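Going down the list, the sequences are from chains A and B. This note's numbering applies: residue 1 is where the first sequence begins, and numbers increase by one. This note's numbering applies: residue 1 is where the second sequence begins, and numbers increase by one. Ideal Cβ placement from N, Cα and C applies to all residues, glycine included. Being a predicted model, the structure only gives us computed values, none of them experimental. Before any comments, here is the structure.
There are 2 protein chains.
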Amino acid sequence: MHVLIIGAAGMIGRKLTERLLKERKLRGQPIEKLTLQDIVQPQEPRDKPFEIETRAGDLSVPGEAGALVADNPDVIFHLAAIVSGEAEADFEKGYRINFDGTRFLFDAIRARKYMPRVVFTSSIAVYGAPFNGPVKDDFHLTPLTSYGTQKAIGELLLADYTRRGFFDGIGLRLPTICVRPGKPNKAASGFYSSIIREPLAGQEAILPVPDTIRHGHASPRSAVGFLIHAANIDGAKLGPRRNLAMPSVSVTVAEQIEALKRVAGENVASRIKRVPDPVIAAIVTDWAEEVEAKRARELGFEVEKTFDDIIRVHIEDELGGKIVN
Amino acid sequence: MHVLIIGAAGMIGRKLTERLLKERKLRGQPIEKLTLQDIVQPQEPRDKPFEIETRAGDLSVPGEAGALVADNPDVIFHLAAIVSGEAEADFEKGYRINFDGTRFLFDAIRARKYMPRVVFTSSIAVYGAPFNGPVKDDFHLTPLTSYGTQKAIGELLLADYTRRGFFDGIGLRLPTICVRPGKPNKAASGFYSSIIREPLAGQEAILPVPDTIRHGHASPRSAVGFLIHAANIDGAKLGPRRNLAMPSVSVTVAEQIEALKRVAGENVASRIKRVPDPVIAAIVTDWAEEVEAKRARELGFEVEKTFDDIIRVHIEDELGGKIVN
Chain A
1 MHVLIIGAAG MIGRKLTERL LKERKLRGQP IEKLTLQDIV QPQEPRDKPF
51 EIETRAGDLS VPGEAGALVA DNPDVIFHLA AIVSGEAEAD FEKGYRINFD
101 GTRFLFDAIR ARKYMPRVVF TSSIAVYGAP FNGPVKDDFH LTPLTSYGTQ
151 KAIGELLLAD YTRRGFFDGI GLRLPTICVR PGKPNKAASG FYSSIIREPL
201 AGQEAILPVP DTIRHGHASP RSAVGFLIHA ANIDGAKLGP RRNLAMPSVS
251 VTVAEQIEAL KRVAGENVAS RIKRVPDPVI AAIVTDWAEE VEAKRARELG
301 FEVEKTFDDI IRVHIEDELG GKIVN
Chain B
1 MHVLIIGAAG MIGRKLTERL LKERKLRGQP IEKLTLQDIV QPQEPRDKPF
51 EIETRAGDLS VPGEAGALVA DNPDVIFHLA AIVSGEAEAD FEKGYRINFD
101 GTRFLFDAIR ARKYMPRVVF TSSIAVYGAP FNGPVKDDFH LTPLTSYGTQ
151 KAIGELLLAD YTRRGFFDGI GLRLPTICVR PGKPNKAASG FYSSIIREPL
201 AGQEAILPVP DTIRHGHASP RSAVGFLIHA ANIDGAKLGP RRNLAMPSVS
251 VTVAEQIEAL KRVAGENVAS RIKRVPDPVI AAIVTDWAEE VEAKRARELG
301 FEVEKTFDDI IRVHIEDELG GKIVN
């Protein structure tokens with residue numbers, strides 16, 4: 001079993017790598033080789049229970065995709081993307097990486113004439129307001145960002161290439177991943193994590209939106225769980241509709257803060273400062289408040305039950321169980 | 001007012017050309033120039049009430065799109081496409097013309113930094129079974145052909161480029177156009193027209209599917225009406241959701257035949273021979289039986305009221321009012 005992770009240096013890519021190093025198998029077979037690729041050189045793991053190859057490269061440069069699949073990896077995780085804020089700020093870069101890069105990869109696989117499982121990370125950014133209650137699985141895709149447009153196009157290609165028999169693809173519409181460890185990235189959703197992460201580390205955090213705003217979240221651990229489950233699942237169960245909205249925990253910002261108080265105490269929660277930012281508020285208002293994800297749940301994709309659980313996962317996985325009270 | 005029609009040599013393109021030659025205005029302004037482009041040289045009209053330019057070219061060849069928009073046409077009708085059957089048979093050709101060609105055009109307009117109205121013909125092939133009753137405007141796009149995939153991608157690009165302010169686009173999901181004049185094309189939907197067209201001309205026609213199959217139709221005259229209305233409409237009325245399912249007359253094949261009997265008599269209808277073709281039956285079963293098109297109707301897009309009307313339009317527009325009894 002040879003596994004390729006494209007976008008391996010990102011947060012999810014690194015956590016997926018850790019998990020594969022621990023589990024040492026995928027699709028019921030032992031992993032013999034793991035290739036880690038990203039635009040920057042991915043870090044080589046210290047423990048190497050199997051062959052590890054790291055590779056820096058730009059998926060949007062012709063030839064890179066072909067080189068990546070030259071030895072027919074059995075499972076390909078395609079996580080590489082320019083994030084929403086940057087894809088909006090730099091139109092051409094977003095289309096080059098998220099659109100051309102994805103197409104180059106899919107065409108490179110097609111040219112190899114074999115049948116890998118391809119797991120593609122899409123996003124709830126494929127949806128755009130107005131919504132009429134919780135987003136159902138058959139709700140249309142009307143993205144309101146170039147990032148969401150590029151992800152929706154990737155989904156369409158994935159479904160058609162799968163239908164054509166060029167590979168066996170599954171696309172996952174990830175919810176907002178919370179609590180993201182480390183520094184904020186350029187995503188407008190960054191505050192959802194920082195209002196939990198910074199207070200738990202003894203630092204102040206800024207809340208730029210009203211606390212009535214509702215949104216769906218999943219922990220990084222759950223996101224990795226989605227990817228592993230998507231790699232393992234029997235493709236025949238999906239039929240031709242290969243793109244699935246992933247489950248999430250839908251809560252208001254007020255409910256996030258209440259959960260933080262329950263898990264870590266009033267003093268920690270008091271480190272959240274309200275500094276309204278109408279630009280960020282306008283962006284997040286266009287996002288789905290709740291995504292039903294009925295099909296994904298039926299297919300066995302699992303997420304935390306409460307936002308308290310999401311906070312506890314962060315404390316366990318990132319803080320070694322310790323918080324600054 | 002300079003109008004550009006890409007795909008002008010096709011059936012809809014020729015009828016749109018005729019209509020513009022007759023009306024001599026669009027968006028309330030007199031037409032000064034009409035450019036007709038296609039992969040084959042479009043026929044030059046006999047009457048030239050304004051400047052006519054014809055041009056043969058391949059939209060998927062770099063440079064062609066740029067040349068087409070070099071003098072900033074005010075309204076661009078993008079009708080060019082490889083049809084469903086051919087796009088399914090020739091994967092690379094379909095993607096090259098329907099996908100790359102459309103993107104080249106949109107990028108060429110973006111590079112000009114002006115704001116034309118772009119009318120793009122999409123198709124109900126963007127929908128794919130299973131359906132849950134009539135298709136509503138917020139139903140998701142899960143095409144089951146490469147053609148439908150390419151059209152859905154064109155729609156997404158059109159909406160994003162419009163949102164970005166690169167042009168003012170409207171995409172129209174056309175129903176099956178019936179009665180198509182002339183010879184059958186490679187579309188699996190061809191029989192819907194031939195079971196009307198051939199009997200009216202005194203010839204036998206083959207019905208390859210059970211007559212319980214239901215489907216939505218619009219006449220070529222209505223299709224041209226959709227295009228003209230899309231060119232004229234105030235874009236602000238659409239908001240960011242720029243792709244609209246067009247109205248159609250939803251009837252079973254049995255109802256089509258009953259309408260033919262009413263309009264042309266039993267003898268004409270008796271020229272339909274039943275020769276089941278399971279391949280065609282399987283394809284058309286994947287298509288929507290009925291598309292609600294609520295938004296388009298509210299925005300003033302109009303179609304025939306009955307299938308009898310659709311037959312009468314064919315007799316008027318194609319047969320000079322005469323049928324072979």
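Contacts of residue 91 of chain A in chain B (Cβ-Cβ under 8 Å): Contact note: residue 91 of chain A reaches chain B through 164, using a C-beta cutoff of 8 Å and chain order.
Could you tell me whether any Cβ in chain A is nearer than 8 Å to the Cβ of residue 128 of chain B? It does; some Cβ of chain A falls within 8 Å.
Residues near residue 153 of chain B by beta carbon distance below 7 Å, same chain, minus five either side: Hits under 7 Å: 99.
Given this structure, state the Cα-to-Cα distance separating residue 170 of chain A from residue 218 of chain A, to the nearest angstrom. Going by C-alpha positions, residue 170 of chain A is about 19 Å away from residue 218 of chain A.
Hey, does residue 308 of chain A have any beta-carbon neighbour from chain B nearer than 8 Å? Interface criterion not met: the Cβ of residue 308 of chain A is under 8 Å from no Cβ in chain B.
If contact means a Cβ-Cβ distance below 8 Å, which residues of the region 110–137 of chain A contact chain B? Going along the region 110–137 of chain A in chain order, one finds 128, 132 and 137 with a Cβ nearer than 8 Å to chain B.
Exposure of residue 150 of chain A, with buried meaning 16 or more beta-carbon neighbours within 10 Å: Under this definition residue 150 of chain A is a buried residue.
Contacts that residue 152 of chain A makes with chain B (C-beta to C-beta distance below 7 Å): The answer, in chain order, is 156.
Less than 8 Å between CB atoms is the rule here; does residue 295 of chain A satisfy it with respect to chain B? For residue 295 of chain A, the answer is no, since every Cβ of chain B falls outside 8 Å of its Cβ.
Cβ of residue 141 of chain A within 8 Å of any chain B Cβ: For residue 141 of chain A, the answer is yes, since a Cβ of chain B falls inside 8 Å of its Cβ.
Listed in chain order, which residues of the region 224–245 of chain B have Cβ atoms closer than 7 Å to some Cβ of chain C? In summary, chain C is missing from the structure at hand, where the protein chains are A and B.
Assuming residue 231 of chain B contacts residue 26 of chain B under a Cβ cut-off of 8 Å, what Cβ separation, rounded to an integer in Å, is found between them? Confirmed, Cβ separation roughly 6 Å.
Go to residue 218 of chain B, then tell me how far its beta strand (DSSP E) extends in each direction, as first and last residue. Per DSSP, residue 218 of chain B belongs to the beta strand (DSSP E) from 214–218.
Flag this pair as yes or no: are the beta carbons of residue 119 of chain A and residue 77 of chain A separated by less than 8 Å? Yes, Cβ-Cβ distance for residue 119 of chain A and residue 77 of chain A is below 8 Å.
Rounded to whole angstroms, what's the CA-CA distance from residue 173 of chain A to residue 124 of chain A? Just pull it up for me. Roughly 5 Å separates the two Cα atoms.
On the criterion of 16 or more Cβ atoms from any shown chain inside 10 Å, does residue 29 of chain B qualify as buried, or is it exposed? By the neighbour-count rule (16 or more Cβ atoms within 10 Å), residue 29 of chain B is not buried but exposed.
Can the beta-carbon of residue 79 of chain B be found closer than 8 Å to that of residue 10 of chain B? Contact: yes.
Does residue 159 of chain A get closer than 8 Å to chain B when you measure Cβ to Cβ? So yes, residue 159 of chain A belongs to the interface.
Quick check: the Cα distance between residue 262 of chain A and residue 311 of chain A, rounded to an integer number of angstroms? Taking the CA atoms as reference points, residue 262 of chain A sits about 10 Å from residue 311 of chain A.
With 16 other Cβ atoms within 10 Å as the buried cut-off, status of residue 146 of chain B: By the beta-carbon neighbour count (other beta carbons within 10 angstroms, threshold 16), residue 146 of chain B is buried.
Locate the alpha helix (DSSP H) running through residue 102 of chain B, then write down its first and last residues. Segment 102–112, the alpha helix (DSSP H) holding residue 102 of chain B.
Rounded Cβ spacing between residue 328 of chain A and residue 253 of chain A (contact assumed at less than 8 Å): In this structure chain A extends from 1 to 325, so residue 328 of chain A is not present and cannot be described.
Between residue 131 of chain A and residue 292 of chain A, which are expected to be in contact by the criterion C-beta below 8 Å, what is the C-beta distance as a whole number of angstroms? Taking C-beta atoms under 8 Å as the contact rule, residue 131 of chain A and residue 292 of chain A fail to qualify, at a distance of about 11 Å.
Determine, using beta carbons only, whether residue 192 of chain B and residue 212 of chain B come nearer to each other than 8 Å. No. Outside cutoff.
Please find out if some non-hydrogen atom of the ligand MN comes closer than 7 Å to the beta-carbon of residue 22 of chain A. You won't find the ligand MN in this model; it holds no ligand whatsoever.
Counting only beta-carbon separations shorter than 8 Å, does residue 146 of chain A have a partner in chain B? Taking CB atoms only, residue 146 of chain A has a neighbour in chain B less than 8 Å away.
Stretch-stretch touch, CB-based, cutoff 8 Å, three pairs: the region 102–115 of chain B with the region 60–70 of chain B: Output reads yes: the region 60–70 of chain B touches the region 102–115 of chain B.
Indicate whether residue 140 of chain A and residue 138 of chain B have their beta-carbon atoms separated by less than 8 Å. In this structure, residue 140 of chain A sits near residue 138 of chain B, with a CB-CB distance shorter than 8 Å.
Identify whether residue 241 of chain A lies in helix, strand or coil by the three-state DSSP scheme. In the structure shown, residue 241 of chain A adopts coil according to DSSP, grouped into three states.
For residue 136 of chain A, which residues of its own chain have a beta-carbon under 8 Å away from its beta-carbon, when the five flanking residues on both sides are left out? Closer than 8 Å at Cβ, skipping near neighbours: 292 and 294.
So, at 6 Å on beta carbons, what are the nonlocal neighbours of residue 226 of chain B in its own chain, with the 5 sequence-adjacent residues on each side left out? Annotation for residue 226 of chain B: 172, 246 and 301 place their beta carbon closer than 6 Å to its own, counting only its chain and skipping 5 residues before and after.
Against chain A, which members of the region 266–290 of chain B pass a CB distance test of less than 8 Å? Going along the region 266–290 of chain B in chain order, one finds no residue with a Cβ nearer than 8 Å to chain A.
List the residues of chain B whose Cβ lies closer than 8 Å to the Cβ of residue 149 of chain A, in chain order. Ordered by position in chain B, the residues that pass the 8 Å Cβ test against residue 149 of chain A are 156, 157, 159 and 160.
Would you mind giving the Cβ-Cβ distance between residue 3 of chain B and residue 31 of chain B, rounded to the nearest angstrom? I have them listed as a contact below 8 Å. The Cβ separation is near 6 Å, so the contact holds.
Which residues share a DSSP beta bridge with residue 30 of chain B? Its beta-bridge partners are B/25.
Relative to the alpha-carbon of residue 180 of chain B, which residue among B/13, B/5 and B/1 has its alpha-carbon at the smallest distance? Nearest to residue 180 of chain B by C-alpha distance, out of B/13, B/5 and B/1, is B/13.
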